[in-house]
Amino acid sequence: MDKRYDHRKNEAKVYSLWEKSGAFTPKIDKGKKPFTIIMPPPNASDPLHIGHARFVAIQDILVRYHRMRGEPTLWLPGADHAGIETQYVFEKKLAKKGKSRFDYDRETLYKMLWNYSMENKSTMETQLKQLGASCDWSRNKFTLDSDIVKIVYAVFKKLYDDGLLYRGERIVNYCPSCGTSFSQLEVNYVERDDPLYFLDYETVTIATTRPETIFADVAIAVNPKDKRYKDLIGKTAKLPIVGRSLPIIADSLVDPDFGTGALKVTPGHDATDFEIGQKHKLPTVSVVDKEGKMVNTPKKYIGLTSEKARRQVVEDLKRAKKIKEVKTIHHSVGTCYRDKGLIEPLVYKQWFIKVKPLAKTALKAVRERKVKFAAKRFEKIAKHWLRNLKDWNISRQIVWGIRIPAWRCEHCLEWTITNGPSPKKCKSCEHQKLTRDTDTFDTWFSSGQWPYATLLSGKNSKLKTQNSKLPIGVSTTLDFDYFYPTSVMETAYDILPFWVIRMIMLGLYATGEVPFRQVLIHGLVRDNKGEKISKSKGNVIDPIEMAEKYGADALRMALIWGALIENDMALSEENVRGQRNFANKIWNVARFVFSGLPGKRRKRNKDDNWIVKELKTTIRKVTRSLNGYRLNEAAEEIYDFIWHKFADVYIEKTKSRREDSQKTLELVLAQSLKLLHPFMPFVTEKIWQESKDRFDSPNLISANWPK
RNA sequence: GAACCCGUGGCUCAGUGGUAGAGCGCUCCGUUCACAUCGGAGAGGUCGUAGGUUCGAAUCCUACCGGGUUCACCA
Numbered sequence: 013m014d015k016r017y018d019h020r021k022n023e024a025k026v027y028s029l030w031e032k033s034g035a036f037t038p039k040i041d042k043g044k045k046p047f048t049i050i051m052p053p054p055n056a057s058d059p060l061h062i063g064h065a066r067f068v069a070i071q072d073i074l075v076r077y078h079r080m081r082g083e084p085t086l087w088l089p090g091a092d093h094a095g096i097e098t099q100y101v102f103e104k105k106l107a108k109k110g111k112s113r114f115d116y117d118r119e120t121l122y123k124m125l126w127n128y129s130m131e132n133k134s135t136m137e138t139q140l141k142q143l144g145a146s147c148d149w150s151r152n153k154f155t156l157d158s159d160i161v162k163i164v165y166a167v168f169k170k171l172y173d174d175g176l177l178y179r180g181e182r183i184v185n186y187c188p189s190c191g192t193s194f195s196q197l198e199v200n201y202v203e204r205d206d207p208l209y210f211l212d213y214e215t216v217t218i219a220t221t222r223p224e225t226i227f228a229d230v231a232i233a234v235n236p237k238d239k240r241y242k243d244l245i246g247k248t249a250k251l252p253i254v255g256r257s258l259p260i261i262a263d264s265l266v267d268p269d270f271g272t273g274a275l276k277v278t279p280g281h282d283a284t285d286f287e288i289g290q291k292h293k294l295p296t297v298s299v300v301d302k303e304g305k306m307v308n309t310p311k312k313y314i315g316l317t318s319e320k321a322r323r324q325v326v327e328d329l330k331r332a333k334k335i336k337e338v339k340t341i342h343h344s345v346g347t348c349y350r351d352k353g354l355i356e357p358l359v360y361k362q363w364f365i366k367v368k369p370l371a372k373t374a375l376k377a378v379r380e381r382k383v384k385f386a387a388k389r390f391e392k393i394a395k396h397w398l399r400n401l402k403d404w405n406i407s408r409q410i411v412w413g414i415r416i417p418a419w420r421c422e423h424c425l426e427w428t429i430t431n432g433p434s435p436k437k438c439k440s441c442e443h444q445k446l447t448r449d450t451d452t453f454d455t456w457f458s459s460g461q462w463p464y465a466t467l468l469s470g471k472n473s474k475l476k477t478q479n480s481k482l483p484i485g486v487s488t489t490l491d492f493d494y495f496y497p498t499s500v501m502e503t504a505y506d507i508l509p510f511w512v513i514r515m516i517m518l519g520l521y522a523t524g525e526v527p528f529r530q531v532l533i534h535g536l537v538r539d540n541k542g543e544k545i546s547k548s549k550g551n552v553i554d555p556i557e558m559a560e561k562y563g564a565d566a567l568r569m570a571l572i573w574g575a576l577i578e579n580d581m582a583l584s585e586e587n588v589r590g591q592r593n594f595a596n597k598i599w600n601v602a603r604f605v606f607s608g609l610p611g612k613r614r615k616r617n618k619d620d621n622w623i624v625k626e627l628k629t630t631i632r633k634v635t636r637s638l639n640g641y642r643l644n645e646a647a648e649e650i651y652d653f654i655w656h657k658f659a660d661v662y663i664e665k666t667k668s669r670r671e672d673s674q675k676t677l678e679l680v681l682a683q684s685l686k687l688l689h690p691f692m693p694f695v696t697e698k699i700w701q702e703s704k705d706r707f708d709s710p711n712l713i714s715a716n717w718p719k
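Here it is as structure tokens:
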């Protein structure tokens, strides 16, 4: 054995030893309870970042621990096509070459995106292996695999059949530059100052920041409790410039303290106004189109961007002496989370899921603790979201994704939904000319089905069981029957509302059972000053670079060391280096132990008894910490035991009576390696392989957890 | 406006009712014999502030101050 542990020489070899041993693939044993984690599929838009490395560390620790406890353990890997994200990243690369998505037809663009994603996917797989992820590659899945898509379609069809799907004219957050709408979760609000114009509508004065939308006004609304306007309700006001008259109505959504207390109702361009419009059965007029340009206005404004139109309208209003006052207002406006551009609230035909019934069932499951949250505060957040979710817009106007299986009849304009294949004829008028919706699903609609979709497809999917079909009409599989519901869902808190609660809703809907029993949430990795990591700040930490420099073991240990997993953690290179030193420490402890001939059983003295007692205490504490998901606590216990008790104290004491203590040294080393293995799998396995005739299992990965 | 989180040694964080802990950093000492990616010794904290509960509070309660995250509204 070398004087120093060299991770560069060993990690790849150790990983292929594990792969060959078959330890990653669980044996289905109906007599045993399985342990299952479905890996949150990383986006195939970019290589892994340091946040991924943290979840790999956390999940691999749990997986290796449970595997060593003899549970059939499945960690199912995969990748997400990540619709908007990937298309956005890819289009930026196109732009560098002077191209855009409009230079290609749908099929070509899709193919390019496919190749791009496959490249990233394979990079990520290599990286996961470098980090020591002991996942079952024979069950590796991608969100666009045809068998996954089939299940997603089946769920879509069922939602439709159950009346939970509707095509609504709804106001959506539309980003003109991305060319798609976003969910409420994807809009960032930024504060800024804008002029607030007070416009003369003759009977009332209206305050607005968007005078260019006056052409889409359909009414004036006041608060019913507002005494100032009591007598005006039911009367009319007159729209400046065009002179159309507008009814004055009352609605409690109007804030009497804002502006003049009277609101111009513009259902086509504002969410609140849209709601008022629906309530009062007002028409919806759009004057800004999907490119952000003016339509349906007096001729002179048509085709202008809304910003230019605003300047022009203001000028014209001034000339007509219809502007009574201009103030500055500090407010926030919606921007696109992708390109930071302004969001246009537009009325657009979209597919929506009625979320209320799904959320209600999910909320009940959380309340009844069918899904448990390891940290209380995340349960609170999940419940809050489940109570407040609005209907879910699942249409996306992008190419990269699962195309919606909906066809529109050219004759009667009705929609026909299938679970995949093109329909021969319209379901309502039997006309045979149908056009497919060009939209794709919101990525979260497919990834929200990930836990059951992965288990219903892929490996063992041919082996149908006798079980009846699921509510979605898909037959169950051996994998599904055995591994579902999964044990733990482990992911970062920033996608708790996007992903976790949607998986609970869809899982319950499609299978009748929760998708996982335990939710474990981890915090973000920050830089050594505790600052959020971002490309623009230039403080990005590349996990692979770190792993190559100090070893994957050191990086993994550093990523759970010191901070509770649910909290954000500051990662410093010094910390990683410290853990590299620890890997070297256990290496040298082993070198010392192996320098003695295999020991014979001798009577233990008081030092031997002391270390054996300490070992037992450590085993008990580490096991308890792991069961409670307190990984940092477990890591610190092992570290302290190996370094400060085993090495610093006990080994020093054995030097004068080497032969007598050899047996105890070997015992303590073997148990230490087992305890440390989930955390630092490479170095511990390498040591095990160095002298495995002394140990009770051919591979450490398959050894049994100490008791 | 609301919710949640955080404030513990120089730094990053554990501890959450019973005499203050870790890693890194710092100071001093030590190089044959597992490891200098090491060993030994040590300095350093009235646990944000003020009240309260308690035999006892870093830990529970209240208020305040400071930092952060998220959500809602903004015509």
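Take the first sequence: its letter number 173 is residue 185 in the working numbering, and every next letter is one higher. For each residue, glycine too, the CB sits at the ideal point set by N, CA and C.
| message | Does the beta-carbon of residue 697, which I'm using as the reference point, lie nearer than 7 Å to any heavy atom of the ligand SAM? | response | This structure lacks the ligand SAM; in fact it carries no ligand of any kind.
| Coil, strand or helix - residue 232 by DSSP | strand
| query | To the nearest angstrom, how far is it from the Cα of residue 115 to the Cα of residue 58? | reply | 23 Å
| said: Ignoring anything shorter than 3 residues, give me the beta strand (DSSP E) runs that lie fully in the stretch 304–349, in order along the chain. | reply: 335–348
| In angstroms, rounded to a whole number, what distance separates the CA positions of residue 345 and residue 492? | 45 Å
| query | Residue range of the alpha helix (DSSP H) that residue 83 falls in? | reply | Residue 83 -> no alpha helix (DSSP H), and no H or E assigned at all.
| Contact the stretch 62–74 vs the stretch 97–111: 3+ CB pairs below 8 Å | Segments in contact, no.
| query | How many Å lie between residue 597 and residue 43 at the Cα? | reply | 40 Å
| message | Buried or exposed, going by whether 16 or more other CB atoms sit within 10 Å of the CB of residue 144? | response | buried
| query | Using the rule of at least 16 other Cβ atoms within 10 Å of the residue's Cβ for burial, across every protein chain shown, is residue 669 buried or exposed? | reply | exposed
| query | Going by Cα to Cα distance, which pick from 55, 79, 69 is closest to residue 40? | reply | 79
| field | Candidates 83, 614, 609: closest to residue 705 by CA position | value | 609
| query | Going by alpha carbons, who is nearest to residue 314 out of 360, 326, 224, 702? | reply | 224
| field | Burial state of residue 506 (16 or more Cβ within 10 Å) | value | exposed
| Three-pair Cβ contact test at 8 Å for the stretch 171–185 versus the stretch 310–330 | no
| request: Per DSSP, which residues does residue 363 bridge with? Please list them. | output: Per DSSP, 179.
| With a Cβ-Cβ cutoff of 8 Å, do residue 486 and residue 452 count as a contact? | no
| request: Report the partner residues of residue 1 according to the DSSP bridge assignment. | output: As displayed, the chain neither begins before 13 nor continues past 719, which places residue 1 out of reach and without an answer.
| request: Would you kindly report the start and end of the unbroken alpha helix (DSSP H) that includes residue 683? | output: Counted as a single uninterrupted DSSP element, the alpha helix (DSSP H) harbouring residue 683 occupies residues 670–688.
| query | Should residue 193 go down as buried or exposed, given a rule of 16 or more other Cβ atoms within 10 Å for buried? | reply | buried
| request: Under 8 Å by Cβ, that's how I've got residue 203 and residue 19 pegged, so tell me the actual separation to the nearest angstrom. | output: So it is not a contact: roughly 48 Å between Cβ atoms.
| field | Where residue 565 falls, given that 16 or more other Cβ within 10 Å makes a residue buried | value | buried
| query | residue 699: which of 618, 606, 233 sits nearest, CA to CA? | reply | 606
| said: According to DSSP, simplified to helix, strand and coil, what is residue 11? | reply: Given that the chain is displayed from residue 13 to residue 719, the structure contains no residue 11 and the question cannot be resolved.
| field | Residue closest to residue 460, alpha-carbon to alpha-carbon, out of 468, 517, 440, 500 | value | Nearest C-alpha to residue 460: 517.
| task | Classify residue 209 as buried or exposed, calling it buried when 16 or more other Cβ atoms lie within 10 Å of its own Cβ. | result | buried
| On the premise that residue 716 lies in contact with residue 35, defined as a C-beta separation below 8 Å, what is that separation, rounded to the nearest angstrom? | Contact flag wrong, Cβ pair sits at about 13 Å.
| field | Reduced DSSP category for residue 64 - H, G, I as helix; E, B as strand; rest coil | value | helix
| CA-CA distance, residue 721 and residue 72? | It is not possible to answer for residue 721, since the shown part of the chain is limited to 13 through 719.
| message | Quick check on DSSP: helix, strand or coil for residue 530? | response | strand
| task | Look at residue 294 and residue 279 and say whether their C-beta atoms are less than 8 Å apart. | result | yes
| request: With residue 274 as the anchor, note down where its beta strand (DSSP E) starts and where it stops. | output: 274–277
| query | Which class does residue 453 belong to by DSSP, given the choice of helix, strand or coil? | reply | strand
| field | Three or more C-beta pairs below 8 Å linking the stretch 415–427 and the stretch 385–393 | value | No, the stretch 415–427 does not touch the stretch 385–393.
| message | Please tell me whether residue 246 and residue 260 are closer than 8 Å, where the distance is taken between their beta carbons. | response | yes
| task | For the alpha helix (DSSP H) holding residue 715, just list the boundary residues, first then last. | result | No alpha helix (DSSP H) holds residue 715; DSSP gives it neither H nor E.
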